[in-house]
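Chemist: My questions will all concern the structure given below.
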Amino acid sequence: MKTDRPNIVQMTPIQEIITTGILRPLTSMTQPNESSVSCTCSIIKAEAFSLYYGDNVGVKNVSMEIHPCTVTAIIGPSGCGKSTFLRSINRMNDLIPGVRTEGKLLLDGHNIYDRRTNLVGLRQQVGMVFQRPNPFPKTIFDNVAYGPRLQGIRNRGKLEAIVEQSLKAAALWDEVKDHLGQSALSLSGGQQQRLCIARALATKPRILLMDEPCSALDPISTGKIEDLIEQLRTTYTIIIVTHNMQQAARVSQWTAFFCLGELIEYDRTERIFSNPANKQTEDYISGRFG
Amino acid sequence: MRLGLRLALDRSFTMLAATAVIVLALALLVLLVPMVSRGTSAVFFRGTVEFRRMQLALYHRGKPGQINAEIDRATAARKRIYDLVDQFKQGIHTDDLKVQLRRIHRQLGQELQERGLTGQDYARLRTISTEIRDRLERALDTTDPNEVRVNLDYVLTFSINPELSSTSAQAYFKIAHQLRETMQRMDLAKRMEYASALRELEGILQELFGPRPSSQLPPLLRQQYGATRWDQAQVLLHKLLYKEQWVQQDPDRPLIRVETPRKTLFAGTSLEELFDYVPRHIEEMLLPRLTVYWQFFVDDSLESHTFGGVGPELLGTILITITAMVIIIPLGIISAAYLSESSADWLPIRIIRMCLNTLAGVPSVVFGLFGLAFFVLTILPALGFGARPSILAAGLTLAVLALPVMIRASEEAIRAVPQSYKEAALALGAGPVRTFLTVTLPAAMPGILTGIILSLSRIAGETAPVLFTGAVAMGPVARSILQPTRTLAYGSYDMAVGDRIADLSPHNQYGMVVILVLLILLLNALAIMLRARASNKLRGHA
Chain G
1 MKTDRPNIVQ MTPIQEIITT GILRPLTSMT QPNESSVSCT CSIIKAEAFS LYYGDNVGVK
61 NVSMEIHPCT VTAIIGPSGC GKSTFLRSIN RMNDLIPGVR TEGKLLLDGH NIYDRRTNLV
121 GLRQQVGMVF QRPNPFPKTI FDNVAYGPRL QGIRNRGKLE AIVEQSLKAA ALWDEVKDHL
181 GQSALSLSGG QQQRLCIARA LATKPRILLM DEPCSALDPI STGKIEDLIE QLRTTYTIII
241 VTHNMQQAAR VSQWTAFFCL GELIEYDRTE RIFSNPANKQ TEDYISGRFG
Chain V
1001 MRLGLRLALD RSFTMLAATA VIVLALALLV LLVPMVSRGT SAVFFRGTVE FRRMQLALYH
1061 RGKPGQINAE IDRATAARKR IYDLVDQFKQ GIHTDDLKVQ LRRIHRQLGQ ELQERGLTGQ
1121 DYARLRTIST EIRDRLERAL DTTDPNEVRV NLDYVLTFSI NPELSSTSAQ AYFKIAHQLR
1181 ETMQRMDLAK RMEYASALRE LEGILQELFG PRPSSQLPPL LRQQYGATRW DQAQVLLHKL
1241 LYKEQWVQQD PDRPLIRVET PRKTLFAGTS LEELFDYVPR HIEEMLLPRL TVYWQFFVDD
1301 SLESHTFGGV GPELLGTILI TITAMVIIIP LGIISAAYLS ESSADWLPIR IIRMCLNTLA
1361 GVPSVVFGLF GLAFFVLTIL PALGFGARPS ILAAGLTLAV LALPVMIRAS EEAIRAVPQS
1421 YKEAALALGA GPVRTFLTVT LPAAMPGILT GIILSLSRIA GETAPVLFTG AVAMGPVARS
1481 ILQPTRTLAY GSYDMAVGDR IADLSPHNQY GMVVILVLLI LLLNALAIML RARASNKLRG
1541 HA
């Protein structure tokens, strides 16, 4: 897939992003080389993780580590298991009947697929933003306050503080602060998606999963979301599935390439995009297939 | 060419569709207009003085002084009729007169004893009295004028007898004089005919004006008042003026209705005047006035809906509907949630769904019998309530009846909620129940309200299911939901099939139907408003 996004938004050249991308993780975390990537540097760790829908393979034998306070992009052709892998991190695949898993998927060393896993707790730690903006048909305030209310926060003042903080973090506060009582559905698509991000942030997660968050948005909104991801990276671990190679290059520090349910290559973004180790990866990135 | 053909076809289809719509609209109009107009006349009508008298006596409404003044005015106007009738009656009602004769004879006997007459005198006077009585009776029985004259003359010879002066026997002579006068005025051969015609006339007069002021009150409440409504009075007036007869003209044909002016029946008698007097003075005698009887909605009815309103029926309908809805709404939503959230291919679910679809098409009378067998005779007695129809049993039966409708509508609504809402809630850490209550249910609310509207309309108008389980045609107002009640639908059904009263007060029956229609319209309008608000809120216009 060759993505030539129209040059409506002022885009930074890929190289520049990659450079800043290198600089950031260096300052914020230790060098993730093979030896030091043990428990200290990985927040999520997959160990030979597989997921099946009945007889169909969703994800097969994936082993990878995701580092805290980075943006990890997952790329790959359609139907390759990107979203499946992403959704298995907060166990959203449980909704689909006939799902079964093998191997381990660890969050802070605990297996997510352990029978004793507290789903509510897990999902509060692992927030998710979906492909299409899906705000509830409620007011803006109620949308953001939904998560905190689930956690049992009833105090109006506290809720207001959380809502404001979350909307500010999602760069939406200035646009909606005067009409928090309005229906979320009256917002534009880009605003709705940022509202969804704010809603996810309000539960104070450590990890934010983004499943093609910009695919339903126009370039201006996409630019805003990307800027937002850039800012959020300092506090959250972000995993983003994207079909847009340039977006992956712009926003991520690490990139994983999936194909047919298998993890083909996982490395620093600039290495994947400049010098991929695998032929398949190179073919995909250069647009020869996918 | 082909384009022209297509255009013509297009136009003809449009015409056809438009015609169908117009025909439907007309049919609806034809159906509704008479019903509504008659129903409205239960509340807005011209009430007569009899209506106000009834309201004052039975419901203690109105100003007594004013109404009594009105009654006096009407009575004054009516006096002329009664005078005419009384005048004509002399010599017609022979049975009455005979009774009177016997009474005089007895009275005379007592009087004679009180005077201390004994032995011969007493026996002699008694014999005379017997003689007079018998002669008078003979005069009453015969149709031969000569015989009457002979008998009367014979009786009147005793009138100068000093022994009988200033005794009860004077009444004999009064009757004899009257008879002689009557005989001069009319043909004695027609006396029987007149008697029956007069009886009929008096019956109509009582229906029209109520019982005569001085007479004894009839036991039936409905006979204690005349025509309370002007339209009713018009019908009775027509009945008074024209005698309806069914005549056979040809043995193979059905009977033909013939109306003969009643005046001709009394031609040449003193009563003829009545038939000119009544139509001319009917307004003075009944004093019709435009009345708004809004209490129709709250009043209890009297004497099988002759008087009063439909308060208990309205209350009963509302109570039964509420009882059923209280059961249906939560049960329907929970069932719909279960059906929609569980996998559609699972065999038990498929069977349940099939059963629901079948139940939705079962005739309502079947539900009525089921309710009788299951709720009235089994479940409620088992729970310690009596085995008798009650609002609760009717509500339960109707709930079973309307549940399939409710479940299907709600299920559709819940299924229509985007999966993404549920995913979002789950991803935020909400459990399935929480997700359903806080996200799915509010988003499905407009659709669920549609289900509520549908089942509500079905419930409020049902007759057959409540027939066996909770409705009665008459009886006291229900004090608890364990008692049976009257309902609008059942009431109008009962009046239509079982009761002559419906003929006398059609406004009542139509009133019930119109109120039922209005009630359902009102409930629907309410639900539609709620629904519009809910969906506006969802769409973000609120």
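Residue numbers (the working numbering), protein chains in the order written: chain G, 1 to 290; chain V, 1001 to 1542.
Ideal Cβ placement from N, Cα and C applies to all residues, glycine included.
Note that the structure is a prediction, hence the values are computed from the model and not measured.
May I ask which residues mark the beginning and end of the beta strand (DSSP E) holding residue 1292 of chain V?
Modeler: As a working mapping, residue 1292 of chain V is identified with position 292 in the second sequence. That run of the beta strand (DSSP E) goes 1289-1292.
Chemist: In chain V, which residues lie with their C-beta within 8 Å of the C-beta of residue 199 of chain G?
Modeler: Position 199 of the first sequence holds residue 199 of chain G. By Cβ distance, chain V contributes 1424 and 1428.
Chemist: With 8 Å set as the bound, which would you pick, yes or no: does the beta-carbon of residue 1031 of chain V sit closer than that to a beta-carbon of chain G?
Modeler: Position 31 of the second sequence, counted from the start, is the residue given in the question as residue 1031 of chain V. It does not; no Cβ of chain G falls within 8 Å.
Chemist: Should residue 1537 of chain V be flagged as near chain G, meaning a C-beta pair shorter than 8 Å?
Modeler: Here the question's residue 1537 of chain V lines up with position 537 in the second sequence. So, interface residue.
Chemist: Rounded to the nearest angstrom, what separates residue 1447 of chain V and residue 1368 of chain V at their Cα positions?
Modeler: Indexing the second sequence from 1 puts residue 1447 of chain V at position 447. Indexing the second sequence from 1 puts residue 1368 of chain V at position 368. Computed Cα separation, rounded: 28 Å.
Chemist: Find the residues of chain C that neighbour residue 127 of chain G, judging by a C-beta separation of less than 8 Å, and give them in chain order.
Modeler: In summary, chain C is missing from the structure at hand, where the protein chains are G and V.
Chemist: Check residue 136 of chain G in the structure and name its three-state DSSP category.
Modeler: Working through the first sequence from its first residue, we reach residue 136 of chain G at position 136. For residue 136 of chain G, the secondary structure class from DSSP, reduced to helix, strand or coil, is coil.
Chemist: DSSP beta-bridge partners for residue 1243 of chain V?
Modeler: Stepping through the second sequence from its first residue, residue 1243 of chain V is reached at position 243. Paired residue(s): V:1260.
Chemist: Cα separation between residue 1234 of chain V and residue 1310 of chain V?
Modeler: Position 234 of the second sequence, counted from the start, is the residue given in the question as residue 1234 of chain V. Position 310 of the second sequence, counted from the start, is the residue given in the question as residue 1310 of chain V. Residue 1234 of chain V and residue 1310 of chain V have their C-alpha atoms spaced approximately 24 Å apart.
Chemist: By the 8 Å beta-carbon criterion, what residues does the stretch 1425-1455 of chain V contribute toward chain G?
Modeler: Those would be 1425, 1426, 1427, 1428, 1429, 1430, 1431, 1434, 1438, 1439, 1442 and 1443, in chain order.
Chemist: Does chain G have any CB closer than 8 Å to the CB of residue 1421 of chain V?
Modeler: Along the second sequence, one-based indexing puts residue 1421 of chain V at 421. Chain G, which has a Cβ nearer than 8 Å to the Cβ of residue 1421 of chain V, makes this yes.
Chemist: Would you report the Cα separation of residue 1619 of chain V and residue 1221 of chain V, rounded to the nearest angstrom?
Modeler: Residue 1619 of chain V lies beyond the stretch modelled for chain V, which goes from 1001 to 1542, so this question has no answer here.
Chemist: Rounded to the nearest angstrom, what separates residue 1508 of chain V and residue 1053 of chain V at their Cα positions?
Modeler: For this step, residue 1508 of chain V is matched to residue 508 along the second sequence. For this step, residue 1053 of chain V is matched to residue 53 along the second sequence. Rounded to whole angstroms, residue 1508 of chain V to residue 1053 of chain V spans 19 Å at the Cα level.
Chemist: Would you decide whether residue 36 of chain G is buried or exposed? Buried here means 16 or more other CB atoms lie within 10 Å of its CB.
Modeler: Residue numbering aside, residue 36 of chain G sits at position 36 when the first sequence is read from its first letter. In this prediction, residue 36 of chain G has a pLDDT of 36, which is less than 50 and means its spatial position is unreliable; what the coordinates show is noted afterwards. Its Cβ having fewer than 16 others within 10 Å, residue 36 of chain G is exposed.
Chemist: Is residue 1216 of chain V buried or exposed, if buried means 16 or more other CB atoms sit within 10 Å of its CB?
Modeler: Walking along the second sequence from the start, residue 1216 of chain V turns up at place 216. Exposed.
Chemist: Quick one: which residues of the stretch 128-155 of chain G get their C-beta closer than 7 Å to a C-beta of chain V? List them in chain order.
Modeler: 128, 130, 132, 134, 136, 137, 146, 147 and 150
Chemist: Answer with yes or no whether the minimum CB distance from residue 275 of chain G to chain V is below 8 Å.
Modeler: Mapped onto the first sequence, residue 275 of chain G falls at position 275. Judged by the 8 Å Cβ criterion, residue 275 of chain G is not in contact with chain V.
Chemist: Return the residue from the list V:1114, V:1183 and V:1109 that minimises the CA-CA distance to residue 1128 of chain V.
Modeler: Taking the second sequence and counting its residues from 1, the one referred to as residue 1128 of chain V is at position 128. Comparing Cα positions, the closest option is V:1109.
Chemist: Could you give the DSSP three-state label for residue 45 of chain G: helix, strand or coil?
Modeler: Here residue 45 of chain G is taken as the residue at index 45 of the first sequence, counted from 1. Strand at residue 45 of chain G.
Chemist: Please identify, using Cβ separations under 8 Å, the residues of the stretch 82-93 of chain G that lie next to chain V, in order along the chain.
Modeler: Of all residues in the stretch 82-93 of chain G, 90 and 92 have a Cβ within less than 8 Å of some Cβ in chain V.
Chemist: Taking a Cβ distance cut-off of 7 Å, strictly less, list which residues of the stretch 201-218 of chain G are near chain V, in chain order.
Modeler: 203
Chemist: What are the boundary residues of the alpha helix (DSSP H) that includes residue 1445 of chain V?
Modeler: In the second sequence, the residue the question calls residue 1445 of chain V occupies position 445. Start and end: 1441-1460.
Chemist: Measure the alpha-carbon distance for residue 1257 of chain V versus residue 1271 of chain V and round it to whole angstroms.
Modeler: On the second sequence, residue 1257 of chain V is found 257 positions in, with the first residue counted as 1. On the second sequence, residue 1271 of chain V is found 271 positions in, with the first residue counted as 1. Going from the Cα of residue 1257 of chain V to the Cα of residue 1271 of chain V covers about 25 Å.
Chemist: Kindly indicate which three-state DSSP category residue 1413 of chain V falls into: helix, strand or coil?
Modeler: Translated into the one-based positions of the second sequence, residue 1413 of chain V becomes position 413. Three-state result, residue 1413 of chain V: helix.
Chemist: So with Cβ pairs under 8 Å, would you call residue 123 of chain G a contact of chain V?
Modeler: Looking up residue 123 of chain G in the first sequence gives position 123. So yes, residue 123 of chain G belongs to the interface.
Chemist: By Cβ distance below 6 Å, which residues in the same chain neighbour residue 47 of chain G in space, the five residues on each side in sequence not counted?
Modeler: Indexing the first sequence from 1 puts residue 47 of chain G at position 47. For residue 47 of chain G, where only same-chain residues beyond five positions count, the Cβ hits under 6 Å are 63, 103 and 104.
Chemist: Ends of the alpha helix (DSSP H) at residue 1163 of chain V?
Modeler: In the second sequence, residue 1163 of chain V corresponds to position 163, counting from 1. Here residue 1163 of chain V belongs to no alpha helix (DSSP H), and DSSP marks it neither H nor E.
Chemist: Drop a sphere of 10 angstroms on the beta-carbon of residue 1474 of chain V, count the other beta-carbons inside from all chains shown, and report buried for 16 or more, exposed for fewer.
Modeler: Counting from one through the second sequence, the residue named residue 1474 of chain V turns up at place 474. That one is exposed.
Chemist: Go ahead and label residue 1099 of chain V buried or exposed: buried means 16 or more other beta carbons lie within 10 angstroms of its beta carbon, across all protein chains shown.
Modeler: Looking up residue 1099 of chain V in the second sequence gives position 99. Counting the other CB atoms within 10 Å of its CB gives residue 1099 of chain V a total below 16, which places it among the exposed residues.
Chemist: Determine whether the beta carbon atoms of residue 1532 of chain V and residue 1411 of chain V lie at a separation below 8 Å.
Modeler: For the purposes of this step, residue 1532 of chain V is taken as residue 532 along the second sequence, with counting starting at 1. For the purposes of this step, residue 1411 of chain V is taken as residue 411 along the second sequence, with counting starting at 1. The criterion of a C-beta distance shorter than 8 Å is not satisfied by residue 1532 of chain V and residue 1411 of chain V.
Chemist: Let me confirm a value: residue 96 of chain G is counted as buried when at least 16 other C-beta atoms fall within 10 Å, else exposed. Which label applies?
Modeler: Within the first sequence, numbered from 1, the residue matching residue 96 of chain G stands at position 96. Exposed is the label assigned to residue 96 of chain G, since fewer than 16 other Cβ atoms lie within 10 Å of its Cβ.
Chemist: Return no unless some Cβ of chain V is closer than 8 Å to the Cβ of residue 120 of chain G.
Modeler: The residue labelled residue 120 of chain G in the question sits at position 120 within the first sequence. It does; some Cβ of chain V falls within 8 Å.
Chemist: Nearest to residue 1211 of chain V by alpha carbon, out of V:1065, V:1117, V:1043 and V:1050?
Modeler: Counting from 1 along the second sequence, the entry for residue 1211 of chain V is found at position 211. Taking only the C-alpha atoms, the option nearest residue 1211 of chain V is V:1050.
Chemist: Taking CB distances under 8 Å as the criterion, tell me whether residue 188 of chain G reaches chain V.
Modeler: Walking along the first sequence from the start, residue 188 of chain G turns up at place 188. Judged by the 8 Å Cβ criterion, residue 188 of chain G is not in contact with chain V.
Chemist: Mind listing which residues of the stretch 164-185 of chain G have their C-beta closer than 8 Å to chain V's C-betas, in chain order?
Modeler: 182, 183, 184 and 185
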